[in-house]
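Participant: Numbering-wise, the sequence shown is residues -21 to -1, 1 to 537 according to mature numbering (1 follows the signal peptide of the UniProt record, and there is no 0).
Structure incoming, see below.
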Amino acid sequence: MPERSGLGMISLLIMITGAASSDTPGDLESTALRNRFSGLEDQIHSLMAEFGVIEMLVKHPPATPVIQNASLQSWSIQCNPQGLSIETHMIAVESIYSALIRFALDNAIPSIPPSIRTHGQQPRWLVRNKTIFPTVKLGHFTSLLPSPQSTENVELDGLLPPLLPLSIVKSLLELYSTCLLHGGLQPFQKLYMNRLMEFNPETMPAADQFLYASIICQMVTHAYTWHPKVFTSMPMTKAGSRRLASQYYAYAKHLLSTLYFEPPTLVACHAACNLVLYHLESGQTAVLYIYSGIAVRMAAALQLYSPKGIERAAKAEAGNLPVVEVEEYGRSVLWLLYFLDTAASHLHSRPYEVRPDEPEISSILSQGPFPFNGDAHQHLFQWLEYQACAITRTIRKTCFDSSVEQIPYDAIADIEHRLTAFGVSLPPLEATDSVWNLRCQYVHRIKYQGLWILLHQTYLPAPISDKRCTDAALAIVDLFEAWLPHIDCYFRPCVHELRQASDILLYHVEGPLKTIALDGLEKLVKVVLQTPVHAIARTRPFVQRLQQVLALHGRTTD
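Encoded structure:
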């Protein structure tokens, strides 16, 4: 193999031999063999590009050089005048490539700071590295609410929980439409608000009671934490809100058991989605997949995965309500189910059950939500949420659903093009009185930057991944700082991105970007501690870890 620039003092020769078998070369000019060697050449060229890091090790050896060679132990490597040789079969070349890349990473990570890495040249391949971040979370809701007490201990005699004053019920239902994760359901408030306000267990259908209980159980604790003014007319404590939420959750579970063998309805499917949200909000994820599975089965029975199915379900349930608006409500339930299926699947590493690659589902989701006497920015928020979920699913399929440790950069570049287009579609940062406009501006800009980290985090310290992750982490810091004067309860779904940025900045604390990284971490911790969940945040391990690192370097956040 001719010597190539950039390899420096290191020369590599891979000799491919074999016994008399199908692996023995025949006609060296054959098309098939040329194609195989062409792919091999690309891999070797990419490997040589990565050896720039090793070359730097040779030029600037550490004070006490320690070569990590565990990745090469299983190979018979010989030295001859031409360089290093490994005798093997053609089928093992990819394994050799992986082993050599692992050797380069093992010896480069502790020695080469980001400042002397080259960012200009795009690699042909990216290789996973599990030594820096052994696990990478795909994106999920990280709770900063106190976990409700186990409902196993809730007294179920009589089943019906204490009834709330009408004024508080009204406030909770109104908040539900503006605080629901993923953007709310339209036109839920117009269709069902008055019906649920008239809660009467003696006359109200079980499905409506189920919806009512599922909303109250998740909104009581949320309102106490983020909107305490709701309870000005009723004494409420943190323990009281948790107990009340648990009682309504137990009642919702009881109602679900009575409805389980009844024909499903849109309202019941919506209520099952609320139980998924309840566990997301409380951080109790053990049964999350159960409730999302129930909602998915109800949607399948209602045939919500097809436009005609939604139309039939709407006509069956409309009664005196406008059928066209009930249809829109059905589409909104499907949208919510898509978001929750994405979150639940990521938390449990399970397959997706709502798959937009199926033509009929795609025809519904790809249309986007349509305004029904609501804030147009709320519908834009949902559309952006859908785009973010779709890109997250693609990243999972491309980067995490396979055991292959290396991936062609072209596959990453395709996702980068989608991400760039998504970023261009975001509304500009500007002053506004619209809560939903602010959420569109900040929440999805933060998620956009988080997706860059998700795409590249597992490939660190590859130079291009280092640059992408660092730029995104610093952008997230700036966005949180700018959002802080107007930050509201939609901070909750952004905690994941805050953690992503923190991980990247922690990675840089021991490198040449130490000061910038510490400044960023200090700003992020201060953002968390200025939200209504500051007391709870102080008990969370990841916040405590950030405070410990900052204290170690003489920074304070109190």
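From the three backbone atoms N, C-alpha and C, an ideal C-beta is built for every residue, glycine too.
1) When DSSP builds the beta bridges, which residues end up paired with residue 385?
2) Are residue 200 and residue 221 touching if we call contact CB-CB under 8 Å?
3) For residue 304 and residue 166, which I take to be in contact (beta-carbon distance under 8 Å), what is that distance rounded to the nearest angstrom?
4) Compute the distance between the beta-carbons of residue 218 and residue 196, then report whether it is under 8 Å.
5) Check the C-beta distance from residue 536 over to residue 508 and give it rounded, since I have them as a contact under 8 Å.
6) Between which two residues does the alpha helix (DSSP H) containing residue 418 stretch?
7) Could you tell me which whole alpha helix (DSSP H) segments of length 4 or greater appear in the region 196 to 263?
8) Can you give me the Cβ contacts of residue 463 inside the same chain, cut-off strictly under 8 Å, excluding the 5 residues immediately before and after it?
9) Report the option in 227, 322 and 488 whose CA atom is closest to the CA atom of residue 138.
10) Would you say residue 284 and residue 278 are within 8 Å of each other, going by their C-beta atoms?
11) Output the distance between the C-alpha atoms of residue 144 and residue 405, rounded to the nearest integer angstrom.
12) DSSP three-state label for residue 56, please.
13) Which class does residue 532 belong to by DSSP, given the choice of helix, strand or coil?
14) Is it right to say residue 412 is buried, meaning 16 or more other beta carbons lie within 10 angstroms of its own, or is it exposed?
15) Quick one: using the 10 Å Cβ neighbour count with 16 as the cut-off for buried, is residue 372 buried or exposed?
16) Can you tell me which of the three DSSP states residue 466 falls into?
17) Using C-beta distances below 8 Å, list every residue in its chain close to residue 300, excluding the 5 sequence neighbours before and after it, in chain order.
18) Measuring CB to CB, does residue 335 end up less than 8 Å from residue 367?
19) Does the Cβ-Cβ distance between residue 210 and residue 191 come in under 8 Å?
20) Pair every Cβ in the region 101 to 116 with every Cβ in the region 381 to 400, then say whether three or more of these pairs are closer than 8 Å.
21) Give me the Cα-Cα distance between residue 526 and residue 452, rounded to the nearest whole angstrom.
22) Rounded to whole angstroms, what's the CA-CA distance from residue 163 to residue 498? Just pull it up for me.
23) Hey, how far is the Cα of residue 271 from the Cα of residue 187?
24) Under 8 Å, with one C-beta from each stretch per pair, do the region 423 to 439 and the region 478 to 492 reach the 3-pair mark?
25) Check for me: the alpha helix (DSSP H) holding residue 156 runs from which residue to which?
26) From this set, 362, 325 and 154, which residue's C-alpha is nearest residue 315's C-alpha?
27) For residue 140, is the classification buried or exposed, using 16 other Cβ atoms within 10 angstroms of its Cβ as the cut-off for buried?
28) Between the Cα of residue 416 and those of 391, 467 and 432, spot the shortest distance and give me the residue it belongs to.
29) Apart from the five residues just before and just after residue 447, which ones in its own chain have a Cβ nearer than 6 Å to its Cβ?
30) If you count every other CB in all the chains shown that lies within 10 Å of the CB of residue 239, and 16 or more means buried, which is it?
31) To the nearest angstrom, how far is it from the Cα of residue 438 to the Cα of residue 490?
32) Where does residue 351 fall in DSSP's three states?
33) For residue 445, count the other beta carbons within 10 Å of its own beta carbon; 16 or more makes it buried, fewer makes it exposed. Which is it?
34) Which value, in whole angstroms, describes the spacing of the CA atoms of residue 329 and residue 253?
35) Any idea what DSSP makes of residue 93, helix, strand or coil?
Facilitator: Let me lay it out:
1) According to the DSSP secondary-structure assignment, residue 385 is paired through a beta bridge with 106.
2) Taking 8 Å as the Cβ cut-off, residue 200 and residue 221 qualify as a contacting pair.
3) 5 Å
4) no
5) About 6 Å separates the two Cβ atoms, so the contact holds.
6) Per DSSP, residue 418 belongs to the alpha helix (DSSP H) from 414 to 435.
7) Considered as a whole, the region 196 to 263 harbours 217 to 238 and 245 to 261 as its complete alpha helix (DSSP H) runs of no fewer than 4 residues, in chain order.
8) 506 and 509
9) 227
10) yes
11) Looking at the two C-alpha atoms, the distance is approximately 41 Å.
12) strand
13) In the three-state DSSP reduction, residue 532 falls in the coil class, being neither helix nor strand.
14) exposed
15) Residue 372 is classed as buried because its beta carbon has at least 16 other beta carbons within 10 Å across all chains shown.
16) In the structure shown, residue 466 sits in coil (DSSP, three-state: anything other than H, G, I, E or B).
17) 170
18) Not a contact, by the Cβ cut-off of 8 Å.
19) Residue 191 is positioned such that its CB atom lies no closer than 8 Å to that of residue 210.
20) Touching, yes.
21) 18 Å
22) 36 Å
23) Each residue's CA atom was taken as its position, placing residue 271 and residue 187 some 19 Å apart.
24) yes
25) 145 to 158
26) The shortest Cα separation from residue 315 among 362, 325 and 154 belongs to 362.
27) buried
28) 467
29) 431 and 435
30) exposed
31) Computed Cα separation, rounded: 18 Å.
32) Residue placement at residue 351 cannot be trusted, given a pLDDT of 48 that sits under 50; what the coordinates show is reported in the next sentence. Coil, per DSSP.
33) buried
34) Residue 329 and residue 253: Cα-Cα distance of roughly 20 Å.
35) Confidence at residue 93 is low in this model, with a pLDDT of 37, below 50, so the placement of that residue is unreliable and no value is reported for it.
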